[in-house]
Each structure stands twice: as C-alpha cells, then as structure tokens.
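Below is the structure:
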C-alpha cells in the first residue's frame with residue numbers, strides 16, 4: 001500500500017512545485033554550489049583553475065553559477081578531454097534542484 005502511495009505523493013509534490021516555481025537560493029546554497037563547482041577544476045592547470053574560481057566567486061546568483069558550467073566544461077575538456085568534462089558537468093546538475101525553473105534545467 002505504501003509503495004503505491006509514494007508515486008502519487010511525489011506527483012503531488014511536483015504539481016505543487018510547478019505552481020510555486022523555484023525557491024530563492026540562500027547564501028549557503030550559493031556557497032555550497034561554488035565549492036562543488038570549484039572542486040571540478042582543482043586538478044586543472046593552476047592558471048585556469050584560478051580564473052574559474054574567480055568567476056565562481058564573482059557570481060551573485062544561481063543563474064550565473066548555472067551558466068558557468070560551460071567554463072568548467074571548457075577547462076576540464078582542455079585538460080582531460082570531453083568525456084571527462086561531460087561527466088564532471090553532469091555531476092553538478094543536482095546542486096541546482098529546486099533553484100532554477102524546470103525549463104532552464106532542460107538546457
């Protein structure tokens with residue numbers, strides 16, 4: 001009985017999210033996202049890692065951080081190849097759950 005209710009409960013939550021939209025990011029959210037994103041370039045060339053970190057530190061919104069995934073992708077791809085870059089960038093997606101509109105996350 002409980003297992004049958006779980007999908008229904010999840011569907012109800014998803015409907016609620018559709019009407020309320022994303023929640024505002026807290027300073028803690030931004031700090032956590034910056035930290036994890038910065039970790040993705042720690043093993044890249046020092047100059048590149050510093051540049052990415054500076055851009056991450058300068059980002060003041062979740063949307064700016066979301067867009068900086070492209071810079072992380074480029075830095076990692078240059079150093080380790082596209083498959084590794086894709087793996088690292090995909091690892092970042094859960095950090096943005098509930099913080100961006102669904103249509104933005106689809107890109």
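Numbering (UniProt numbering), first residue to last: 1 to 107.
Using N, Cα and C, we set each Cβ at its ideal position, and we do this for glycine too.
Bear in mind that the values here come from a model prediction, so they are computed numbers and not experimental data.
**OP:** For residue 108, count neighbouring C-beta atoms within 10 Å of its own C-beta (all shown protein chains included) and say buried if the count is 16 or more, exposed if not.
**Re:** The structure shown has nothing for residue 108, since the chain only spans 1 to 107.
Original post:
What did DSSP end up calling residue 23 once you bin it into helix, strand or coil?
Top reply: Position 23 of the chain shown holds residue 23. In the structure shown, residue 23 sits in coil (DSSP, three-state: anything other than H, G, I, E or B).
Original post:
Cβ of residue 60 versus every heavy atom of the ligand MN: is any distance shorter than 7 angstroms?
Top reply: The model on display carries no ligand, and the ligand MN is accordingly not part of it.
**OP:** Within the same chain, show all residues whose beta-carbon is closer than 7 angstroms to that of residue 19, passing over the 5 residues directly before and after it, in chain order.
**Re:** In the chain shown, the residue the question calls residue 19 occupies position 19. Reliability of the predicted coordinates at residue 19 is poor, the pLDDT of 48 falling under 50, and no value is obtained from them.
**OP:** Report buried or exposed for residue 67, applying the criterion of at least 16 other Cβ atoms within 10 angstroms of its Cβ.
**Re:** For the purposes of this step, residue 67 is identified with residue 67 of the chain shown, where counting begins at 1. Counting every other CB atom within 10 Å of its CB across the protein chains shown gives residue 67 a total below 16, marking it as exposed.
Original post:
What residue does the alpha helix (DSSP H) around residue 80 start on, and which one ends it?
Top reply: Mapped onto the chain shown, residue 80 falls at position 80. From DSSP, the alpha helix (DSSP H) with residue 80 extends over 69–80.
Original post:
Near residue 55, which residues of its chain fall below 8 angstroms by C-beta distance, leaving aside the five closest residues on each side in sequence?
Top reply: The residue you call residue 55 lines up with position 55 of the chain shown. These residues qualify, in order along the chain: 68 and 71.
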